[in-house]
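Comments concern the structure below.
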RNA sequence: GGGCGUGUGGCUGAGCAGCAAAGGCAACAGACUGUAAAUCUGUCGGGGUUUCCCCUUCGUAGGUGCAAGUCCUACCGCGCCCA
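Numbering (this note's numbering), first residue to last: 252 to 549.
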């Protein structure tokens, strides 16, 4: 079985069962799991992010969990570096790396080797820019990098600011999107679930997370080292549990909103995934296994 | 029985006599070059030859206006107060 140049990707919307499937496939195919989840990255964010437990992991090595403090902002570029290292490491060991997660951008950074411009976020600069009205920023960008200005979403302050940041630091237009050959072949599996199924799964999962106030306690713990604002930045469970703990919403409202927002999130994920024609959409574990077998034979 | 108030698109909720009718929610679609569970956009009564035209809408029925969701009358439903 030739695995030293291959990568399995398991993706899908939130609550679709990625973790479970990845564990089973890892066991069966001597795989090692690399998380591609922008929240599981952080220490202390376990229940709300749906992180695998030690017990579930068993002997299967996992990477890219708990690699950052939630006090610091983690980014795709950092993710790309560490995750790539993990892939290489597994390859060297003769194992099969399985990239698992729902963060499309993170997956893309590994599976497609997107080249991210080497300009670190300058938070001071961003703070400064945040005070300037958006139309002003857009005008500046149009002068510095007209091509970029035409491409990006001019209504999205976050995008405009980053584009400006690049233009200012680079002193030249942002190069067109580049992809680097990562040197390995991908098999991308997507877990297919209908919106109705997801809705049920999301509700079920939330109930479990809320059991014995486990998730509430988790957020309370995080609050010891994080501001409410930071906590709310994380979105979904973290955002709305934080709002609940601040008495901004009732518990019933919190539950309702988390469900609804998770459904929205699942939809956004699917919008991202839909455009990738390489994804093999599967319904069962058996389908995944068959695809994997074939892939590994080649 | 009397007084006051209210009835708007799937929901919520604005609405000055010139409106297919603000905003919010939901729904549907989409973007994504170091915050990506974040951030942002479009559509959203129906139809068409779709930067414009037509039709049908604001509890029901009449009425007054060139023109009515907006004014008047009656009726029906809902709410509060007095009996």
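Ideal placement from N, C-alpha and C gives every residue a C-beta, glycine not left out.
In this structure, DSSP gives residue 531 an extended state, which the three-state scheme calls strand. For residue 407, the three-state secondary structure derived from DSSP is coil. For residue 402, the enclosing alpha helix (DSSP H) begins and ends at 397-402. Contact check for residue 421 against residue 389 fails: the beta carbons are separated by 8 angstroms or more. Contact check for residue 286 against residue 352 passes: the beta carbons are separated by less than 8 angstroms. By DSSP's assignment, residue 348 forms a beta bridge with 283.
The C-beta separation of residue 366 from residue 385 comes to about 28 angstroms, leaving the pair out of contact by the 8 angstroms criterion. Secondary structure remark: continuous alpha helix (DSSP H) runs of at least 4 residues inside the segment 318-372, in chain order: 327-344 and 355-362.
CA-CA distance, residue 320 to residue 541, rounds to 39 angstroms. Our two residues, residue 438 and residue 534, have alpha carbons roughly 16 angstroms apart in a direct line. About 7 angstroms separates the beta carbons of residue 347 and residue 257, which is inside the 8 angstroms limit, making them a contact pair. In this structure the segment 302-315 lies against the segment 259-276, because at least three pairs of beta carbons, one per stretch, are closer than 8 angstroms.
Here residue 492 is not near residue 453, since their CB atoms are 8 angstroms or more apart. When Cβ pairs closer than 8 angstroms are counted between the two stretches, the segment 469-476 is seen not to touch the segment 393-410, the count staying below three. Just so you know, the alpha carbons of residue 331 and residue 361 end up roughly 6 angstroms apart. Within the same chain, Cβ atoms closer than 6 angstroms to the Cβ of residue 317 are found at 294, the five residues on either side in sequence being excluded. As the crow flies, the alpha-carbon of residue 407 is around 24 angstroms from that of residue 527. Taking C-beta separations shorter than 6 angstroms and ignoring five residues to either side along the sequence, the partners of residue 517 in its chain run 264, 265 and 449, following chain order.
The beta carbons of residue 395 and residue 418 sit closer together than 8 angstroms. The Cβ atoms of residue 415 and residue 378 lie no closer than 8 angstroms to each other.
Distances from the alpha-carbon of residue 484 to those of 290, 279 and 539 put 290 closest. Only residues of its own chain outside the window of five on either side were considered, and among them 262, 355, 441 and 530 have a CB closer than 7 angstroms to the CB of residue 524, listed in chain order. For residue 447, the three-state secondary structure derived from DSSP is helix.
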